[in-house]
Amino acid sequence: MTPTRRVAALAGALALVVAPAALPAQALAPAATTTVAASDPGTYYDGVEGLSGAQLRAALTDLVSDQRVLSYSQVWDGIKDVDEDPQDTSSVVLLYSGTSSPKSNNGGGVDNWNREHVWAKSHGDFGTTAGPGTDLHHLRPTDVTVNSARGNLDFDEGGTQNQEAPGNYADGDSWEPRDADKGDVARMIFYMAVRYEGADGFADLEVNDRTGNGSAPYMGRLSVLKEWNELDPPSAFEQRRNDRIHDGWQGNRNPFVDHPEWVESIF
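Mapping of the sequence shown onto the working numbering: residues 837 to 1103, in sequence order.
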């Protein structure tokens, strides 16, 4: 992100806090901008107290790997629940655009929404296989055209603005999401790297500090994703999503939504 855009982003974030009512209705301001503190849901993180670095990572891998694995068809219903628009329960909030779309509008048409793999499924060649290919912690509803534009690009800053979803930028090897989604994207990527360590038959997914990773089981760019995690802390919508995945679908959590400070310790 250029210095000019970063200043503008911070100014915009301040404006949202001061006067959220001024946002267009489709921007879903309360869900996207209300931040919450780190939280320990019950006893879920018992046993990780005092750990850091590699020990913390190993403990979290064991913890989040205890999950219910969904089929790809179940993901449709899962997304309709966990990404439900808090202002319109018949719709879901779309990643990257921030707009709301009817739950019934899922499909493959130009104006439909479909399932975006935030950790691109070609980065590790897991496709839609039950496991990383069906994990709700990185699957989000996205406009079909915007999903296609993102493709399997790594994450970094810069490029040409996407006309369908203003605020998102792309170049030949990377995608920059809009400011309100930057932290969400980073925490989903960090979750995937900790959850899928190669011990369950899937590729060992890792975050590196480059772009253009192609089909290797890597996603970048680490330094930028760490910055996004700090600049865009977890929102109330993101926390609710984490709760719903845990309570109603997979039985596991994204630790970096509950404790974004663990990113610095592990990565």
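C-beta atoms are modelled at their ideal positions from N, C-alpha and C, and glycine is treated no differently.
Checklist entry - Around the Cβ of THR925, are there at least 16 other Cβ atoms within 10 angstroms (buried) or fewer (exposed)? => result As a position in the sequence shown, residue 925 is number 89, starting the count at 1. Around the beta-carbon of THR925, fewer than 16 other beta-carbon atoms lie within 10 Å, marking it exposed.
Item to check | Exposed unless 16 or more other CB atoms sit within 10 angstroms - verdict on ASP992 | outcome: If you number the sequence shown from 1, residue 992 lands on position 156. Its Cβ being crowded by 16 or more others within 10 Å, ASP992 is buried.
Checklist entry - Which residue from ASP1083, ALA1016 and HIS1082 puts its Cα closest to that of PRO1069? => result Taking the first residue of the sequence shown as position 1, residue 1069 is located at position 233. Closest in alpha carbon position to PRO1069, among ASP1083, ALA1016 and HIS1082, is ALA1016.
Checklist entry - Is the Cβ-Cβ distance between PHE1103 and ALA1039 less than 8 Å? => result Working through the sequence shown from its first residue, we reach residue 1103 at position 267. Working through the sequence shown from its first residue, we reach residue 1039 at position 203. No, they are not a contact pair.
Checklist entry - Should VAL905 be labelled buried (16 or more other beta-carbon atoms within 10 Å of its own) or exposed? => result Taking the sequence shown and counting its residues from 1, one reaches residue 905 at position 69. Exposed, since its Cβ has fewer than 16 Cβ neighbours within 10 Å.
Next on the checklist: Does ASP1036 come out as helix, strand or coil in the three-state DSSP assignment?
Outcome noted: For the purposes of this step, residue 1036 is identified with residue 200 of the sequence shown, where counting begins at 1. Coil.
Checklist entry - Considering only residues of the same chain and omitting the five flanking positions on each side of TRP1098, which have a CB-CB separation below 7 Å? => result Taking the first residue of the sequence shown as 1, we reach residue 1098 at position 262. The answer, listed in chain order, is LEU892, PRO1091 and PHE1092.
Next on the checklist: Taking the alpha-carbon of SER1059 as reference, which of ASN1044, ALA1052 and ARG986 has the nearest alpha-carbon?
Outcome noted: Walking along the sequence shown from the start, residue 1059 turns up at place 223. Among ASN1044, ALA1052 and ARG986, the Cα nearest to that of SER1059 belongs to ASN1044.
Next on the checklist: Need the endpoints of the beta strand (DSSP E) that SER1010 sits in, please.
Outcome noted: As a first step, residue 1010 is located in the sequence shown; it is residue number 174 there, counting from the start. First-last of the beta strand (DSSP E) with SER1010: 1010-1012.
Checklist entry - With which residues is SER936 paired in a DSSP beta bridge? => result If you number the sequence shown from 1, residue 936 lands on position 100. Paired residues: VAL929.
Checklist entry - In three-state DSSP terms, what is TRP1046? => result Numbered from 1 along the sequence shown, position 210 holds the residue referred to as residue 1046. Residue identity check: residue 1046 is Arg in the sequence provided, not Trp. Here ARG1046 sits in coil by DSSP.
Next on the checklist: In this structure, how does DSSP classify PHE1073 when only helix, strand and coil are distinguished?
Outcome noted: The sequence position of residue 1073 within the sequence shown is 237, counting from 1. The answer is helix: DSSP assigns PHE1073 an H, G or I state.
Item to check | DSSP three-state assignment for ARG1057, whether helix, strand or coil | outcome: By one-based count along the sequence shown, residue 1057 stands at place 221. In the three-state reduction of the DSSP assignment, ARG1057 falls in the coil class.
Checklist entry - So VAL982 packs on GLU1000, CB below 8 Å; how close in whole Å? => result Numbered from its first residue, the sequence shown carries residue 982 at position 146. Numbered from its first residue, the sequence shown carries residue 1000 at position 164. Indeed they touch by this definition, with Cβ atoms about 5 Å apart.
Next on the checklist: Do ASP990 and SER958 have their beta-carbon atoms positioned less than 8 Å apart in this structure?
Outcome noted: Counted from its first residue, the sequence shown places residue 958 at position 122. Counted from its first residue, the sequence shown places residue 990 at position 154. No, they are not a contact pair.
Next on the checklist: My assumption, with CB atoms under 8 Å, is that ASN1065 sits in contact with GLY1019. Please give the rounded CB distance.
Outcome noted: Within the sequence shown, the letter at position 229 stands for residue 1065. Within the sequence shown, the letter at position 183 stands for residue 1019. That belief holds up - the Cβ atoms of ASN1065 and GLY1019 are roughly 5 Å apart, short of 8 Å.
Checklist entry - Run through DSSP, which three-state label would LEU850 get? => result The residue given as residue 850 occupies position 14 in the sequence shown. Confidence is the limiting factor: at LEU850 the pLDDT is only 34, short of 50, which leaves the residue's position unreliable and the question unanswerable from this model.
Checklist entry - Is it true that the CB of THR897 sits closer than 8 Å to the CB of VAL1030? => result Counting from one through the sequence shown, the residue named residue 1030 turns up at place 194. Counting from one through the sequence shown, the residue named residue 897 turns up at place 61. A contact, by the Cβ cut-off of 8 Å.
Item to check | Straight-line Cα distance separating ARG986 from GLY1008 | outcome: Against the sequence shown, residue 1008 aligns to sequence position 172. Against the sequence shown, residue 986 aligns to sequence position 150. If you take the alpha carbons of GLY1008 and ARG986, they lie about 10 Å apart.
Item to check | Three-way DSSP call (helix, strand, coil) for VAL1099 in this model | outcome: Counted from its first residue, the sequence shown places residue 1099 at position 263. VAL1099 carries a helical assignment under DSSP once its states are collapsed to helix, strand and coil.
Item to check | Span separating the alpha-carbon of ASP1083 from that of GLY995 | outcome: Position 247 of the sequence shown, counted from the start, is the residue given in the question as residue 1083. Position 159 of the sequence shown, counted from the start, is the residue given in the question as residue 995. If you take the alpha carbons of ASP1083 and GLY995, they lie about 39 Å apart.
Next on the checklist: So, under 8 Å CB-CB, ARG976 and GLU1012 are touching, yes? Tell me the CB distance rounded to an integer number of Å.
Outcome noted: On the sequence shown, residue 976 is found 140 positions in, with the first residue counted as 1. On the sequence shown, residue 1012 is found 176 positions in, with the first residue counted as 1. For a cut-off of 8 Å, the C-beta gap from ARG976 to GLU1012 is around 16 Å, too long to register as a contact.
Next on the checklist: For GLY1037, which residues in the same chain have their Cβ closer than 6 Å to its Cβ, ignoring the five residues on either side in sequence?
Outcome noted: Stepping through the sequence shown from its first residue, residue 1037 is reached at position 201. Taken in chain order, the list of residues that qualify is empty.
Next on the checklist: Report the CB separation of MET1028 from PRO968 in whole angstroms; it is logged as a contact under 8 Å.
Outcome noted: Along the sequence shown, read from residue 1 onward, the residue named residue 1028 stands at position 192. Along the sequence shown, read from residue 1 onward, the residue named residue 968 stands at position 132. Contact between MET1028 and PRO968 holds, with the beta-carbon distance rounding to 7 Å and staying under 8 Å.
Item to check | Whether VAL911 touches GLU920 by CB criterion (8 Å) | outcome: In the sequence shown, the residue the question calls residue 911 occupies position 75. In the sequence shown, the residue the question calls residue 920 occupies position 84. In this structure, VAL911 keeps its C-beta atom at 8 Å or more from the C-beta atom of GLU920.
Item to check | DSSP-derived helix/strand/coil call for LEU975 | outcome: Position 139 of the sequence shown holds residue 975. Here LEU975 sits in strand by DSSP.
Next on the checklist: Based on DSSP bridge pairs, tell me the residues matched to ASP921.
Outcome noted: Within the sequence shown, residue 921 is the residue found at index 85, counting from 1. The partner list for ASP921 (beta bridge, DSSP) reads ASP924.
Checklist entry - Taking just the CA atoms, how far does THR970 sit from VAL954? => result Walking along the sequence shown from the start, residue 954 turns up at place 118. Walking along the sequence shown from the start, residue 970 turns up at place 134. Answer to the nearest angstrom: the Cα atoms are 11 Å apart.
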